[in-house]
Structure formats: structure tokens, C-alpha cells
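This report concerns only the one structure given below.
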Amino acid sequence: YELAMAICRVLDSEKPGEEIAGDLLDLVGDSAFETVQELISHRRELVEAIHHGLTVLRSDKSSSNAQPRMPSYGTQVTVQTESERQIDKLRRKEEKRHKRGMEQGIEDEFSAVSFSSLLEASERKNLFEDVIGSG
Numbered sequence: 006y007e008l009a010m011a012i013c014r015v016l017d018s019e020k021p022g023e024e025i026a027g028d029l030l031d032l033v034g035d036s037a038f039e040t041v042q043e044l045i046s047h048r049r050e051l052v053e054a055i056h057h058g059l060t061v062l063r064s065d066k067s068s069s070n071a072q073p074r075m076p077s078y079g080t081q082v083t084v085q086t087e088s089e090r091q092i093d094k095l096r097r098k099e100e101k102r103h104k105r106g107m108e109q110g111i112e113d114e115f116s117a118v119s120f121s122s123l124l125e126a127s128e129r130k131n132l133f134e135d136v137i138g139s140g
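Mind the numbering: the sequence shown is residues 6 to 140 in my numbering, read in order.
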């Protein structure tokens, strides 16, 4: 791909044909002498095709810039109260403990009960705060 682009740049240069032939031979090597002769003999057509391709690419790029783009979303943030964060942390901890207990073949029902009672207590606390007030 890079070689093809380098050949296009050499063909599109303002240099005389002999210099272009020398540059092309430097790029592809002396073994491709016949190919370089073909490129030089069809240089005008090749350069026109290169320019046409560049024009098409530019128009495609400008038309794609004019089209509306999908919105790019930033990082998502979840806002939690301190108590919600602690409850989630405890829930994850209990799940890990429970999973570890299951792997060892031991069910630790106490940790499951303590977690549910913790959840109930936190909900009750919120109810009391709603009724009585936190002040």
C-alpha cells in the first residue's frame, strides 16, 4: 500500500520523465524495468485517474462531514447516597462469602440472614427518619 502511494506521488510530480523513471526504479528495483516503462508510457492517464480518485475522496469526506453524527456519550456516573454505597458494598461482600461457602460445600446461612436483616434495618431506619425526622 505504501509502495503504491509512493509510486502515485512520483508519477504526479512535476519532474521530467527521465527523473521520474529513475525515482520509480529506485522504489521498485531494476528488475521491474518493463513495469516502470509501462508506468511512464501511461503516466498521463494514471495521473488523471489519481486526481479523479482524490477528488472523489474529498467529496465523500465533505459529504460525510455534513451528515448529522450520532451523539457520543461520555462516562456514565451513578449518584448514590453513602448508605446505598455501603449496602451495595456489603451485598457484594456477602455474595462473595456465600459463593466461597458454596464452593467449599458449606452453606453459611448466618451471613445470608445477617445481610437481609441489615437491608431491613436500613429500610426501617429510613422509615423512622421519614416519620420522626433526622434532626
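We put the CB at the ideal spot given by N, CA and C, even for glycine. Quick caveat, the model's predicted, so the values are computed rather than measured.
- DSSP, reduced to helix, strand and coil, places residue 98 within a helical segment of the structure shown.
- Taking C-beta atoms under 8 Å as the contact rule, residue 8 and residue 44 fail to qualify, at a distance of about 12 Å.
- Per the C-alpha coordinates, the member of 84, 13, 102 positioned closest to residue 41 is 13.
- Residue burial is scored here from C-beta neighbours: residue 82 has fewer than 16 other C-beta atoms within 10 angstroms and is therefore classed as exposed.
- For residue 23, the enclosing alpha helix (DSSP H) covers residues 22–33.
- With a 10 Å radius around the Cβ and a threshold of 16 neighbouring Cβ atoms, residue 84 comes out exposed.
- As the crow flies, the alpha-carbon of residue 54 is around 45 Å from that of residue 80.
- Note on residue 59: under 16 other CB atoms within 10 angstroms of its CB, so exposed under the neighbour-count rule.
- Apart from sequence neighbours up to five positions away, the residues of its chain that approach residue 15 with a beta-carbon distance below 8 Å are 25, 28, 29, 32, ordered along the chain.
- Annotation: residue 20 to residue 48 spans about 12 Å, alpha carbon to alpha carbon.
- In this structure, DSSP gives residue 7 a helical state, which the three-state scheme calls helix.
- When the alpha-carbon of residue 46 is set against those of 102, 34, 97, 22, the nearest one is in 22.
- Per DSSP, residue 82 lies in no alpha helix (DSSP H) and is assigned neither H nor E.
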